[in-house]
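Visitor: Take a look at this one; I'll ask things after.
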Amino acid sequence: MTDTTPTTMSSRRAWAGTAVLSASLLVITMDMTILNIALPTMSRELRPSGEQLLWIVDVYSLVLAGLLVAASSVADRWGRKRMLLIGYTVFAVASLLVLIADSPATVIAIRAALGVGGAMVMPTTLSLIRTIFADAKQRAMALAVWSAVAGLGAAVGPLVGGLLLEHLSWHAAFLVNVPLMVVAVIAGAVLLPESRSDRPGAWDWPTVGLSFGGMVALMWAIKKFGKESSLLVPAAWIVFAGAVVALTLFVRRGLRQDDPMLDVGLFRSRPFTGGIAAALGSMFALGAALLLLAQWLQAVEGSSPIKTGVQLIPLALAAAAASLIAPKLAEMIGPRAVLAASIAVSGLGMIVIYLPPGELHYPAVVVSLCLVGAGIGSLAVGSVLIMSGSPEHRAGNAAAMEETSYELGSVLGVAILGSIASVMYRADLDATTGFVDLPDAVTAPARESIGAAVDVAGAAGVPGLADMAGDAFTVSMQVTSLVGGVFMLALAVLVWFVVPKGTTLEPAQAGEPVSG
Numbered sequence: 462m463t464d465t466t467p468t469t470m471s472s473r474r475a476w477a478g479t480a481v482l483s484a485s486l487l488v489i490t491m492d493m494t495i496l497n498i499a500l501p502t503m504s505r506e507l508r509p510s511g512e513q514l515l516w517i518v519d520v521y522s523l524v525l526a527g528l529l530v531a532a533s534s535v536a537d538r539w540g541r542k543r544m545l546l547i548g549y550t551v552f553a554v555a556s557l558l559v560l561i562a563d564s565p566a567t568v569i570a571i572r573a574a575l576g577v578g579g580a581m582v583m584p585t586t587l588s589l590i591r592t593i594f595a596d597a598k599q600r601a602m603a604l605a606v607w608s609a610v611a612g613l614g615a616a617v618g619p620l621v622g623g624l625l626l627e628h629l630s631w632h633a634a635f636l637v638n639v640p641l642m643v644v645a646v647i648a649g650a651v652l653l654p655e656s657r658s659d660r661p662g663a664w665d666w667p668t669v670g671l672s673f674g675g676m677v678a679l680m681w682a683i684k685k686f687g688k689e690s691s692l693l694v695p696a697a698w699i700v701f702a703g704a705v706v707a708l709t710l711f712v713r714r715g716l717r718q719d720d721p722m723l724d725v726g727l728f729r730s731r732p733f734t735g736g737i738a739a740a741l742g743s744m745f746a747l748g749a750a751l752l753l754l755a756q757w758l759q760a761v762e763g764s765s766p767i768k769t770g771v772q773l774i775p776l777a778l779a780a781a782a783a784s785l786i787a788p789k790l791a792e793m794i795g796p797r798a799v800l801a802a803s804i805a806v807s808g809l810g811m812i813v814i815y816l817p818p819g820e821l822h823y824p825a826v827v828v829s830l831c832l833v834g835a836g837i838g839s840l841a842v843g844s845v846l847i848m849s850g851s852p853e854h855r856a857g858n859a860a861a862m863e864e865t866s867y868e869l870g871s872v873l874g875v876a877i878l879g880s881i882a883s884v885m886y887r888a889d890l891d892a893t894t895g896f897v898d899l900p901d902a903v904t905a906p907a908r909e910s911i912g913a914a915v916d917v918a919g920a921a922g923v924p925g926l927a928d929m930a931g932d933a934f935t936v937s938m939q940v941t942s943l944v945g946g947v948f949m950l951a952l953a954v955l956v957w958f959v960v961p962k963g964t965t966l967e968p969a970q971a972g973e974p975v976s977g
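Here the sequence shown is numbered in our numbering, starting from 462 and rising by one per residue.
What follows is the structure, encoded as structure tokens:
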């Protein structure tokens, strides 16, 4: 049974609860990007192998994506507030354990524990917002705040990380979570209501195993293809095939059950499907834009980590503003138009990187960041369609699917567009006059990445190499951004046709089934 219905909460308390949920989400999304700033210092001190370094980076998202379905299902049964507070605690304790981290293996274990905490928190914040607001307009605005904070955290993370590491050790990138999570536990216990689903679906261990194994395998395979910048990776293909089999069995099992643990029948709702597609596509653009532009600012423009964080702030500000404006705009012209237009704006933002003739400069990048950020505002409307396009007892299911689309979209953006950029970078560098005449000890690391090229150019006393690599990376980034932009425009057209005409932000769209 549902312990606390939305109508029992005052509006003031509901908004205070939203503030707690959004603030905790800010910490978790920041944590995803702070690590990128801490990695160089961490690597120098712990000296991880190449494989260990990859696991330090990847294990968080692998564990998080694999546990989203199970964690949201447990929360629906056991209590969403209870699951959230335990997730906060797990996140805080795991972050505190960094004080005893003296090896790469320990850091990998800590990152895995953080993934467990993140899986408990991220979908539960969404499902609680779905249940504590009875009014559709207030719920839409609360989800807009949630989306704004999510985008803000991802972009502000590098700035916070740079500030911390300017004065403290790499441990600070983890320890900063502890006091914030303690505050979240206390505030959540006081302000948030408990809620459960009255029809959570039957608990099914095979479904849990298939969802976890399938998602972990899928994420790992995509990341592996991206890191190798090649499709000729037999191990990745084997794991990918296993993921397809596991997820196919997972979907078929859910469709055949009368009361499935995860209701994949939610995709019969076209607004829900359009919202999922928008979320995935938006994170595809955001993940790739942050990856390429952060590298370009540091390696080509020579910006410090702190300055890079500052230079990326336009994206965060535009995303936050657009998220807050999008629901109001959707009431005026309809969510279908806002959703499709927002994705198209993100696509145009990526194309802007390709357009400037001659040398690329930061002012053009600011325009791109603002457009991509404004497009990310589609996440707000997409979240409303996802959560309103599902019945309240399936709020946990909807939240898990939305969070999965965020994770998968970001991984796909980094892997696909990052791989295209890497392949083009090497090809353009090899075609640069004078590059092939340099010794192999210089050219081999330079071909691996722009960062390695800048480092080896300074160490070997070949300043011209940094210019060659910078030009090659800029060209590769511009062409890759064009490819990503065209993809986003195509996605905007798809979303326009998927979301029915006349769709509103109100729950239970007329004529649209919401579950099997």
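C-beta: ideal position from N, C-alpha, C; glycine also.
(1) Determine the extent of the alpha helix (DSSP H) in which E792 is found, giving its start and end residues.
(2) R538 to A475, Cα distance in whole Å?
(3) Which one of L558, G579, M885, P661 has the shortest CA to CA distance from M548?
(4) Check whether the Cβ of V771 lies closer than 8 angstroms to any Cβ atom in chain C.
(5) Where does the unbroken alpha helix (DSSP H) through K542 begin, and where does it stop?
(6) Measure how close the beta-carbons of P860 and S533 come, nearest whole angstrom, since I'm counting them as under 8 angstroms.
(7) Assign S510 to one of two classes, buried (16 or more other C-beta atoms within 10 Å of its C-beta) or exposed (fewer than that).
(8) Of all the alpha helix (DSSP H) runs that stay within the bounds of the segment 929-955, which reach a length of 4 or more residues?
(9) If you draw a straight line from the alpha carbon of G770 to that of P667, how long is it in whole angstroms?
(10) For E461, count neighbouring C-beta atoms within 10 Å of its own C-beta (all shown protein chains included) and say buried if the count is 16 or more, exposed if not.
(11) By how many angstroms is the C-alpha of A780 removed from the C-alpha of I911?
(12) Quick one, which of L778, G870, L785 has its alpha-carbon nearest V827's?
(13) Do the segment 475-490 and the segment 603-613 touch if we need at least three Cβ pairs shorter than 8 angstroms?
(14) Between the C-alpha atoms of G895 and V923, what's the straight-line distance to the nearest angstrom?
(15) Is M949 buried or exposed, if buried means 16 or more other CB atoms sit within 10 Å of its CB?
(16) Could you check what DSSP says for K684 in three-state terms: helix, strand or coil?
(17) Tell me which same chain residues have a C-beta within less than 7 angstroms of the C-beta of P788, skipping the five on either side of it?
(18) For G810, which option in E820, P824, L626 has the closest C-alpha, if you only look at C-alpha atoms?
(19) Report yes or no: do three or more beta-carbon pairs, one from the segment 853-868 and one from the segment 651-660, lie closer than 8 angstroms?
(20) Look at the alpha carbon of R908 and the alpha carbon of A570, and state the distance between them as a whole number of angstroms.
(21) Report the residue ranges of all alpha helix (DSSP H) runs contained in full by the segment 695-724; include only those spanning at least 4 residues, in chain order.
(22) Taking the runs of the alpha helix (DSSP H) that are 4 residues or longer, which of them lie wholly in the segment 728-760?
(23) Within the continuous alpha helix (DSSP H) that includes S866, where are the two ends?
(24) How should G972 be labelled, buried or exposed, when 16 other C-beta atoms within 10 angstroms of its C-beta is the threshold for buried?
(25) Between the alpha carbons of V644 and S691, how many angstroms are there, rounded?
(26) How would you write the range of the alpha helix (DSSP H) that E909 sits in, first residue to last?
(27) For I699, count the other beta carbons within 10 Å of its own beta carbon; 16 or more makes it buried, fewer makes it exposed. Which is it?
(28) Give every residue of the same chain whose Cβ lies closer than 6 angstroms to the Cβ of S866, excluding the five residues on either side of it in the sequence, and list them in chain order.
Guide: Put simply:
(1) 774-794
(2) 22 angstroms
(3) Checking the displayed sequence, the identity of residue 548 turns out to be Gly instead of Met. Taking only the C-alpha atoms, the option nearest G548 is G579.
(4) In the structure shown, chain C does not exist; there is a single protein chain.
(5) 541-557
(6) It should be pointed out that residue 860 corresponds to Ala in this sequence rather than to Pro. The Cβ separation is near 6 angstroms, so the contact holds.
(7) exposed
(8) none
(9) 43 angstroms
(10) Lying before the first or after the last residue shown, residue 461 is absent from the chain, which here runs from 462 to 977.
(11) 28 angstroms
(12) L778
(13) yes
(14) 12 angstroms
(15) buried
(16) helix
(17) A601, M602, A605, A841, V842, V845, L966
(18) P824
(19) yes
(20) 32 angstroms
(21) 695-717
(22) 731-756
(23) 856-873
(24) Note that G972 scores a pLDDT of 39, beneath 50, so its modelled location is shaky; the value from the coordinates is reported in the next line. Exposed, by the Cβ-count rule.
(25) 45 angstroms
(26) 901-909
(27) exposed
(28) I737, A740, L741
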